[in-house]
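Colleague:
2 protein chains.
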Amino acid sequence: MSVQHQALAARTAAQTLATATRAQKDAALHAMADALSKAETAVLEANALDVARAEQAGMSAAIVDRLRLTADRVAGMVDGLRDVAALPDPVGDVVRGWTNANGVEVRQVRVPFGVVGMIYEARPNVTADAAGLCLKSGNAVLLRGSSSAADSNAAVVEALRDGLADAGLPADAVQLVPGPREVTDELMAARGLVDVLIPRGGAGLIDHVVRHSVVPVIETGVGNCHLYVDASADPATALAILLNAKTQRPSVCNAVETLLVHADAAPRFLPDALAALADAGVTVHGDEATSSYGPGVVPAVQEDWDTEYLSLDLAARVVNSLDEAIGHVRDHSTGHSETIVTDSASAAQRFTAEVDAAAVLVNASSRFVDGGEFGFGAEIGISTQKLHARGPMGLPEMTSTKYVVTGSGQVR
Amino acid sequence: MSVQHQALAARTAAQTLATATRAQKDAALHAMADALSKAETAVLEANALDVARAEQAGMSAAIVDRLRLTADRVAGMVDGLRDVAALPDPVGDVVRGWTNANGVEVRQVRVPFGVVGMIYEARPNVTADAAGLCLKSGNAVLLRGSSSAADSNAAVVEALRDGLADAGLPADAVQLVPGPREVTDELMAARGLVDVLIPRGGAGLIDHVVRHSVVPVIETGVGNCHLYVDASADPATALAILLNAKTQRPSVCNAVETLLVHADAAPRFLPDALAALADAGVTVHGDEATSSYGPGVVPAVQEDWDTEYLSLDLAARVVNSLDEAIGHVRDHSTGHSETIVTDSASAAQRFTAEVDAAAVLVNASSRFVDGGEFGFGAEIGISTQKLHARGPMGLPEMTSTKYVVTGSGQVR
């Protein structure tokens, strides 16, 4: 079936979802969870095929690990669907409303987008997570997963569609989009059929989609995040935040990639920091000034300032002023999460006002920039663009709005 | 100067605007108004050159009229700038905020986009309107007007830049982007330099920008708007709304283009309606059933259902059910403003729930779908897309948001 046919079927399903009640959608989410739970063996068998293929192809251990499902990971997907059922339904929320002088009532109401396209990489759990969030927000979803996870995704989607049908909602609300690379191009060209595309994955994937899609895109996730230790920073606070933001989970987009240290703070901060980073297994790629504060610093090259390592590597530079720090962030930030550690109210004020990013943090770990930590209950991704949604995206960010205007015959 | 150089200068200006206070911006808007007022003679002389060129080129009277400035129209632009100064500043508004269990404070705050690109057609007043709205919302603006208005736009922008400089804000916050057609392509390719493009004009222009821009776009304005007269509609109410929505200002995007009439309502509605439309100078392009209710109906062809006439023309069709009406709207709507006239609560409920558009209206004229009528004080355009903003766009819709996260050393 072509992408166009799939998208048309999704649009029809979306019309049903748009007027489905919360009770219907929650029942469907539980039915999807039940069906996925029952299909555990089939899903694990399908996943074993994907894993074997990846190992034969010589893929890295990290990729194979992301691909691998276990009984625990399937249970996590099942629980995720039930968690989404427990979240409030954004559809129908009145964002604002008023009555005009002539008695015409205006209400801005949340409505689903319609059809969402997800383009994503190895992890098969994204398949269930995205399907759950899209269904709850009243959207049909076209899931374009990685070919490396083709068997796992097919097994998961089959279960989810069974659940939808059990609950009396259209199975075509959740569809896997299989096929060769050209299929992704067709999805990106399906303007008018697909309402929004959300790419999730590495910088290369996201950049490709953003540059080639005619369908509107929500850009997610690339985080070249900076931590700036200001002249007035408490060294112990700065070190705790640095270690947490760099090492607690280095593979995620809100991990810190570059450390900037004010020259006045460097003597009392960097010697201990470099030792602690070395203890934690972090390789520091530093400028000359940084390397003067401790052993083992690898000389930084220009590209280090623009690298999202996603590993136990850290670029580091000593700056002479807050202006120099803000200038460095402006030149190299991907607009995700930028942190200042400081005891100066004026420095904090300037940093938060002048740094342009989805999140700016003062004296807190950038690891808090996350839908779960923000209390959203679930997250479809972290937007690094300025249109529509910026930062962690929960269910309300998966909706548009519609003005409902009600009168009794008024004209202009 | 290349588009890239202009965009870089705009980015630098935008950094200043992002932290400018409301008082600074309002003072600049008044200085721009003063400068434009003083430049009235120069602007009218420049406009006379544009008008003469357009007349020589044999452009239509409608286009020449849109192009022509008068002392009154210049005064309207001046007043518009002062009106924008009087509007609340959206920048810095806290959209929502909370404190996490660990004491970390999260605030979602409105911030400017940065650099906005406007691509628009003949009317030179858009130049001043867009500059005012962008400045107030803290955005630098690159104005890509029509070549037919080149002299007028240059004179207006020169005055606005003088005003900015008088007020101590960077003149490069408002720049005209001159040059051949290729310049528009450069603007659409300036991802990372330009934050958002807003095309305003005909369907051809908007479609071209939407399909070719790598910069995120806010789609505005094409309105193939329907008015459905339900079986239970009061004929007098329906006729008043129809005449207003079709004839009060037929050249605008919220004017009605297609009339759908339930077969049960047709005998008591269409004879009077066709007579009244004829009296108002409206040409009705109707299906066979419609033409059976009165003389002078031109047979509708397939493309009438998809035509945004923007003139005293109206497509008309008799339908047998609410479902058929909703189906017709789904097949032909551009998602702008769709109206039902009915006395049935259930029909109104179904129509507003099932029709997917920026605005759905019950018993009121679609001419109310307008930033001014909505009380926004000013309008940059009417978005017909689902991402970011949908419907009339005021100052808040010209902003993005940023999460400001403040802690006292918290880590995960």
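Heads up: the sequence lines are chains D and L, in that order. When we follow the numbering used here, the leftmost residue of the first sequence carries the number 1, and every step to the right adds one. When we follow the numbering used here, the leftmost residue of the second sequence carries the number 413, and every step to the right adds one. Cβ coordinates follow ideal geometry from the N, Cα and C atoms, glycine included. Just so it is clear, the structure is predicted and the values come from calculations on it, not from any experiment.
Report whether the distance from the Cβ of D/S37 to the nearest heavy atom of the ligand COA is below 8 angstroms.
Modeller: You won't find the ligand COA in this model; it holds no ligand whatsoever.
Colleague: Counting beta carbon pairs with one atom in the stretch 270-286 of chain D and one in the stretch 332-347 of chain D, are three or more of them shorter than 8 angstroms?
Modeller: The stretch 332-347 of chain D is not in contact with the stretch 270-286 of chain D.
Colleague: D/K386 touches chain L at which residues, Cβ-Cβ below 8 angstroms?
Modeller: Ordered by position in chain L, the residues that pass the 8 angstroms Cβ test against D/K386 are F525, G526, D607, V608, P628, S812.
Colleague: Tell me which same chain residues have a C-beta within less than 6 angstroms of the C-beta of L/P628, skipping the five on either side of it?
Modeller: Hits under 6 angstroms: V608.
Colleague: Please give me, in chain order, every unbroken run of the alpha helix (DSSP H) with length at least 4 that falls completely inside the stretch 184-254 of chain D.
Modeller: Runs found: 203-212, 235-247.
Colleague: I'd like the list of long-range same chain contacts for D/T258, defined as Cβ closer than 6 angstroms, with 5 residues on each side in sequence excluded.
Modeller: H226, A315, listed in sequence order.
Colleague: Output needed in chain order: residues of the stretch 637-663 of chain L with a Cβ under 7 angstroms from some Cβ in chain D.
Modeller: Of all residues in the stretch 637-663 of chain L, T649, A652, I653, N656, Q660 have a Cβ within less than 7 angstroms of some Cβ in chain D.
Colleague: Along chain L, in chain order, which residues have C-beta atoms closer than 7 angstroms to that of D/R412?
Modeller: Correct list: N656, Q660, S777, R779, F780.
Colleague: Please name the residue, chosen from L/A759, L/D755, L/R802, that lies closest to L/E736 on a Cα-to-Cα basis.
Modeller: Cα-wise, what sits closest to L/E736 is L/A759.
Colleague: Within 10 angstroms of its Cβ, does D/R200 collect 16 or more other Cβ (buried), or is it exposed?
Modeller: By the 10 Å Cβ count, D/R200 comes out buried.
Colleague: How about L/A464 and L/A579: are their beta carbons less than 9 angstroms apart?
Modeller: No; because the gap between Cβ atoms is not below 9 angstroms, this pair is not in contact.
Colleague: Which residue marks the beginning of the alpha helix (DSSP H) containing D/R317, and which one marks its end?
Modeller: Looking at the DSSP string, D/R317 is not in any alpha helix (DSSP H); the run it does join, the beta strand (DSSP E), is 313-319.
Colleague: Quick check on this structure: which residue in L/A650, L/V713, L/N666, L/G787 has the alpha carbon closest to the alpha carbon of L/L686?
Modeller: Out of L/A650, L/V713, L/N666, L/G787, L/A650 has the C-alpha closest to the C-alpha of L/L686.
Colleague: For D/M59, name the three-state secondary structure that DSSP assigns.
Modeller: Coil, per DSSP.
Colleague: Is the CB of L/Q416 under 9 angstroms away from at least one CB in chain D?
Modeller: Chain D contact via Cβ: absent.
Colleague: DSSP three-state label for L/A769, please.
Modeller: It is coil, neither helix nor strand.
Colleague: Enumerated in chain order, which unbroken segments of the alpha helix (DSSP H) with a length of 4 residues or greater are wholly contained in the stretch 446-501 of chain L?
Modeller: Fully enclosed alpha helix (DSSP H) runs of 4 or longer: 452-468, 473-479, 483-498.
Colleague: Short of 8 angstroms in beta carbon distance, which residues of its chain neighbour L/L655, apart from the five on each side in sequence? Order them along the chain.
Modeller: Excluding sequence neighbours, L/L655 sits near A688, L689, A692.
Colleague: Between D/V91 and D/R66, is the Cβ-Cβ spacing less than 9 angstroms?
Modeller: Contact flag unset, no.
Colleague: Grab the span of the alpha helix (DSSP H) containing L/I738 for me, first residue to last.
Modeller: Residues 734-744.
Colleague: Anything in chain L within Cβ reach of D/T70, meaning under 7 angstroms, just list it in chain order.
Modeller: Going along chain L, no residue has its Cβ under 7 angstroms from D/T70, so there is no contact; the nearest lies around 24 angstroms.
Colleague: Within a Cβ cutoff of 6 angstroms, which residues of the same chain sit near L/V528, ignoring the five residues on either side of it in sequence?
Modeller: Counting only Cβ-Cβ distances below 6 angstroms, and skipping sequence neighbours, we find C546, N551, V553, V608.
Colleague: Could you tell me the distance, in whole angstroms, from the CA atom of D/L81 to the CA atom of D/A378?
Modeller: Their Cα atoms are separated by approximately 10 angstroms.
Colleague: Measure from the alpha carbon of L/S414 to the alpha carbon of each residue in L/H674, L/L605, L/Q520, L/Y532, then state which is nearest.
Modeller: Nearest C-alpha to L/S414: L/L605.
Colleague: Return the CA-CA distance between D/V298 and L/S559, expressed in angstroms with no decimal places.
Modeller: Approximately 55 angstroms between the Cα atoms of the pair.
Colleague: Within 10 angstroms of its Cβ, does L/A483 collect 16 or more other Cβ (buried), or is it exposed?
Modeller: Label assigned to L/A483: exposed.
Colleague: Do you know offhand how far D/L169's Cα is from L/P592's?
Modeller: Roughly 53 angstroms between the two C-alpha positions.
Colleague: By Cβ distance below 8 angstroms, which residues in the same chain neighbour D/A14 in space, the five residues on each side in sequence not counted?
Modeller: Correct list, in chain order: P112, G114, V115, G138, N139, A140, A173.
Colleague: Taking DSSP as the reference, what is the three-state secondary structure of D/G163?
Modeller: Helix at D/G163.
Colleague: Suppose you measure from the CA of L/F788 to the CA of L/M810; what does that come to, to the nearest Å?
Modeller: Straight-line Cα distance between these residues: approximately 12 angstroms.
Colleague: Distance, Cα to Cα, D/E219 vs L/S723?
Modeller: Spanning the two alpha carbons is a distance of roughly 40 angstroms.
Colleague: Using only alpha-carbon positions, find the residue among D/R68, D/S400, D/Q302, D/P271 that is nearest to D/T290.
Modeller: Comparing Cα positions, the closest option is D/P271.
Colleague: Could you check if L/H417 is buried or exposed, using at least 16 other CB atoms within 10 Å of its CB as the buried criterion?
Modeller: Exposed.
Colleague: From D/H208 to L/R802, what distance separates their C-alpha atoms?
Modeller: Approximately 26 angstroms between the Cα atoms of the pair.
Colleague: Could you check whether the stretch 96-111 of chain D touches the stretch 402-410 of chain D, counting it as contact only if at least three pairs of C-beta atoms, one from each stretch, sit closer than 8 angstroms?
Modeller: These segments touch.
Colleague: Can you pull the chain L neighbours of D/R211, defined as C-beta to C-beta under 7 angstroms?
Modeller: Those are V626, listed as they occur along chain L.
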